[in-house]
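Q: I have a structure I would like to understand better, so I am pasting it below and will then ask my questions one at a time.
2 protein chains.
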Amino acid sequence: MADDEINLNGEVAATDSSPRKRTRIQIRNEARIVRAALDVFSSNGYRGSTVDQIADTAGMSKANILYYFNTKQDIYAAVLARTLTVWLDPLDELDAGGDPIEELWKYAQQKLQLSRKAPHASRLFANEILQGAPVVRPFLENQLKALVTSKCRIIQTWIDEGKLAPVAPLHLIFLIWSATQHYADFAPQISALSDDPEEMLYEQAEQTLKLILTRGLAPE
Amino acid sequence: MADDEINLNGEVAATDSSPRKRTRIQIRNEARIVRAALDVFSSNGYRGSTVDQIADTAGMSKANILYYFNTKQDIYAAVLARTLTVWLDPLDELDAGGDPIEELWKYAQQKLQLSRKAPHASRLFANEILQGAPVVRPFLENQLKALVTSKCRIIQTWIDEGKLAPVAPLHLIFLIWSATQHYADFAPQISALSDDPEEMLYEQAEQTLKLILTRGLAPE
DNA sequence: TCGTATCTTGACCACTTGGTCAACATTTTA
DNA sequence: TAAAATGTTGACCAAGTGGTCAAGATACGA
Numbered sequence: 001m002a003d004d005e006i007n008l009n010g011e012v013a014a015t016d017s018s019p020r021k022r023t024r025i026q027i028r029n030e031a032r033i034v035r036a037a038l039d040v041f042s043s044n045g046y047r048g049s050t051v052d053q054i055a056d057t058a059g060m061s062k063a064n065i066l067y068y069f070n071t072k073q074d075i076y077a078a079v080l081a082r083t084l085t086v087w088l089d090p091l092d093e094l095d096a097g098g099d100p101i102e103e104l105w106k107y108a109q110q111k112l113q114l115s116r117k118a119p120h121a122s123r124l125f126a127n128e129i130l131q132g133a134p135v136v137r138p139f140l141e142n143q144l145k146a147l148v149t150s151k152c153r154i155i156q157t158w159i160d161e162g163k164l165a166p167v168a169p170l171h172l173i174f175l176i177w178s179a180t181q182h183y184a185d186f187a188p189q190i191s192a193l194s195d196d197p198e199e200m201l202y203e204q205a206e207q208t209l210k211l212i213l214t215r216g217l218a219p220e
Numbered sequence: 221m222a223d224d225e226i227n228l229n230g231e232v233a234a235t236d237s238s239p240r241k242r243t244r245i246q247i248r249n250e251a252r253i254v255r256a257a258l259d260v261f262s263s264n265g266y267r268g269s270t271v272d273q274i275a276d277t278a279g280m281s282k283a284n285i286l287y288y289f290n291t292k293q294d295i296y297a298a299v300l301a302r303t304l305t306v307w308l309d310p311l312d313e314l315d316a317g318g319d320p321i322e323e324l325w326k327y328a329q330q331k332l333q334l335s336r337k338a339p340h341a342s343r344l345f346a347n348e349i350l351q352g353a354p355v356v357r358p359f360l361e362n363q364l365k366a367l368v369t370s371k372c373r374i375i376q377t378w379i380d381e382g383k384l385a386p387v388a389p390l391h392l393i394f395l396i397w398s399a400t401q402h403y404a405d406f407a408p409q410i411s412a413l414s415d416d417p418e419e420m421l422y423e424q425a426e427q428t429l430k431l432i433l434t435r436g437l438a439p440e
């Protein structure tokens, strides 16, 4: 119950105004821990993960882990912080000057590739949101909302100019997010339903998504 | 680690060949427990939930809960079993005789409504898959795969007859699943990004999804 | 090379949690 | 109504978990 109050900024602040500069060993070990923690958290969720698991995965003792990050929550916040930007970056590139459908498809394509190459990040994020977004909610409400709102304005402009079918911009973004992240988040289900190798799976996913999006978004 | 080996059939078998018939109290309490457990499991995941929480939610003592279900895993399996059918039923209605786009949209619409009215079920399922589908994997590989395969065949026929855009049937289903379940599974993110009331949200979601699907799936 | 700061860990603790059990309460059956 | 079956629970236990700490190991600047 008290697990809910975690703050993303604890870690961020440390990189900013840390009084003493970070040792070589410190940098190496913190990176190692965060990498291991991403593995563990993304496949077990926050509560399902133990510091011991992270320690094992990272190849160090539990006590040593807790030397670099005071609490389990701190580790979690650090992993989330370092993952969020990578995960949400592509949206930033959506260019008001480009061809609408091309731009949107490019974005969807990038997200699909990210789903394939960084499924851990996707699952970490999915787990966090599913549990009510206790840690990232402030981030969602501030930075992400600002970004999404500005991109929605671009999409709306495209629609107003008749370059795009009259969809609700926000829900178009949701559609792209869900359709692409699905391949990372629901991987066990997907592999249970298909015998095709990953290669072919993503190829077909891309073709289908491209066809539906480009046709579905065409104006008139 | 040993949590992974749970079996969905434990509960199912009990309803079949139970040696002694079920008492009134038994039926009432088991239903009460399952209802409470759906609440708890869907919002905390399996490992994040405690039997105590379920007991509190159900309004009975922990010991009494463990009297009706021997283990936490049994409760989980029971909840999952009773939720799965409801969650996956609509696909069964996809009719080879109907109009392809109409049928597919009807299915998507039903899933979207289910997402709204039974978000707990969606999140329970999402949690389970995210953790690697330890319990439902056999179900996915057998019953669900059979159902999905047969429906894919229908969709492929529609495509071959030129009544539908040439998409990969399986991935079309994935798209419908992801786009609709997204509204239940990622609710915190959605409400963080939109100020609109639920009512309007689902209205816009439906319109956008309908537009993109009907246009995107139109043949030629 | 020496002394200081940083790093590492086994042992330990408090607390949570799944599950048991004996004793007691209620319902059902004859 | 009395015995048998079923239902209910507080007290308890063992295992697992997050986190502490003192003591030792290692790196590093002068």
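From first to last, the protein sequence lines stand for chains A and B.
Using my numbering, the first residue of the first sequence is number 1, and each one after it goes up by one.
Using my numbering, the first residue of the second sequence is number 221, and each one after it goes up by one.
Using N, Cα and C, we set each Cβ at its ideal position, and we do this for glycine too.
Note that the structure is a prediction, hence the values are computed from the model and not measured.
#1: Using 8 Å as the cut-off, can you tell me whether the segment 266–275 of chain B makes contact with the segment 305–320 of chain B, which would need three or more C-beta pairs spanning the two stretches below that distance?
#2: Is B:Tyr-422 helix, strand or coil when you go by DSSP?
#3: Three-state secondary structure (DSSP) at A:Val-51?
#4: Quick one: using the 10 Å Cβ neighbour count with 16 as the cut-off for buried, is B:Glu-381 buried or exposed?
#5: Apart from the five residues on each side of it in sequence, which residues of its chain come closer than 6 Å, Cβ to Cβ, to A:Pro-19?
#6: If you count every other CB in all the chains shown that lies within 10 Å of the CB of A:Gly-45, and 16 or more means buried, which is it?
#7: Identify which residue in A:Ala-218, A:Leu-217, A:Ile-176 has its Cα closest to the Cα of A:Ala-205.
#8: How long is the line joining the alpha carbons of B:Gly-230 and B:Trp-378, rounded to whole angstroms?
#9: Short check: CB of A:Arg-215 to CB of B:Leu-258, under 9 Å?
#10: Go through its chain and collect everything with a Cβ distance to A:Lys-111's Cβ below 8 Å, but skip five positions before and after it.
#11: Tell me where the alpha helix (DSSP H) around B:Asp-380 begins and ends.
#12: Name the chain A residues that come within less than 9 Å of B:Arg-302, Cβ to Cβ?
#13: Could you pull the start and end residues of the alpha helix (DSSP H) that A:Glu-102 belongs to?
#14: Considering only the alpha carbon of each residue, which of B:Gln-409, B:Glu-418, B:Phe-394, B:Leu-429 lies closest to B:Lys-337?
#15: Nearest by alpha-carbon distance to A:Ala-184: which of A:Ala-126, A:Leu-172, A:Ile-212 is it?
#16: Tell me whether the segment 356–371 of chain B and the segment 185–194 of chain A touch, counting them as touching only if at least three CB pairs, one residue from each stretch, are closer than 8 Å.
#17: What separation, rounded to the nearest whole angstrom, lies between the Cα atoms of A:Lys-151 and A:Glu-102?
#18: Name the chain B residues that come within less than 9 Å of A:Leu-144, Cβ to Cβ?
#19: Which same chain residues end up closer than 7 Å to A:Ala-36 when comparing Cβ atoms and leaving out the 5 residues on each side of it in sequence?
#20: For the alpha helix (DSSP H) holding B:Val-299, just list the boundary residues, first then last.
A: Straight from the coordinates:
#1: For the pair of segments examined, the segment 266–275 of chain B was found not to touch the segment 305–320 of chain B: the number of CB pairs separated by less than 8 Å stays below three.
#2: As a working note, residue 422 of chain B is residue 202 in the second sequence. In the structure shown, B:Tyr-422 sits in a helix (DSSP, three-state: H, G or I).
#3: Residue numbering aside, residue 51 of chain A sits at position 51 when the first sequence is read from its first letter. Under the three-state reduction of DSSP, A:Val-51 is assigned to helix.
#4: Against the second sequence, residue 381 of chain B aligns to sequence position 161. Classification for B:Glu-381: exposed.
#5: In the first sequence, residue 19 of chain A corresponds to position 19, counting from 1. Only weak support exists for where A:Pro-19 lies, its pLDDT of 47 falling under 50; the value from the coordinates is given anyway. Closer than 6 Å at Cβ, skipping near neighbours: no residue.
#6: Indexing the first sequence from 1 puts residue 45 of chain A at position 45. Its Cβ being crowded by 16 or more others within 10 Å, A:Gly-45 is buried.
#7: By one-based count along the first sequence, residue 205 of chain A stands at place 205. Residue A:Ile-176 is the option with its Cα nearest to A:Ala-205.
#8: Against the second sequence, residue 230 of chain B aligns to sequence position 10. Against the second sequence, residue 378 of chain B aligns to sequence position 158. Below a pLDDT of 50, predicted positions are generally treated as unreliable, and B:Gly-230, at 41, falls in that range; no measurement from the model is reported.
#9: Locating residue 215 of chain A in the first sequence gives position 215, counting from the first residue. Locating residue 258 of chain B in the second sequence gives position 38, counting from the first residue. No.
#10: Locating residue 111 of chain A in the first sequence gives position 111, counting from the first residue. Exclusion of the five residues before and after A:Lys-111 leaves Pro-90, Ile-176, Trp-177, Thr-180, Gln-181 as the residues of its chain whose Cβ lies within less than 8 Å of its Cβ.
#11: Walking along the second sequence from the start, residue 380 of chain B turns up at place 160. For B:Asp-380, the enclosing alpha helix (DSSP H) begins and ends at 365–380.
#12: Taking the second sequence and counting its residues from 1, one reaches residue 302 of chain B at position 82. At a C-beta separation below 9 Å, B:Arg-302 has no neighbours in chain A, since its nearest C-beta there lies roughly 19 Å away.
#13: In the first sequence, counting from the first residue as 1, residue 102 of chain A sits at position 102. Under the DSSP assignment, A:Glu-102 falls in the alpha helix (DSSP H) whose first and last residues are 100–117.
#14: Position 117 of the second sequence, counted from the first residue, corresponds to residue 337 of chain B. Residue B:Glu-418 is the option with its Cα nearest to B:Lys-337.
#15: Residue mapping note: residue 184 of chain A aligns to position 184 of the first sequence, counting from 1. With distances taken between Cα atoms, A:Ala-184 lies closest to A:Ala-126.
#16: With the cut-off at 8 Å, the segment 356–371 of chain B and the segment 185–194 of chain A touch.
#17: Along the first sequence, one-based indexing puts residue 151 of chain A at 151. Along the first sequence, one-based indexing puts residue 102 of chain A at 102. Distance between the alpha carbons of A:Lys-151 and A:Glu-102: 15 Å.
#18: Here residue 144 of chain A refers to the residue found at position 144 when the first sequence is read from its first residue. By Cβ distance, chain B contributes Gln-409, Ala-412, Leu-413.
#19: Translated into positions along the first sequence, residue 36 of chain A becomes position 36. Hits under 7 Å: Ile-54, Thr-57, Ala-58.
#20: As a working mapping, residue 299 of chain B is identified with position 79 in the second sequence. Counting along the chain, the unbroken alpha helix (DSSP H) around B:Val-299 starts and ends at 292–308.
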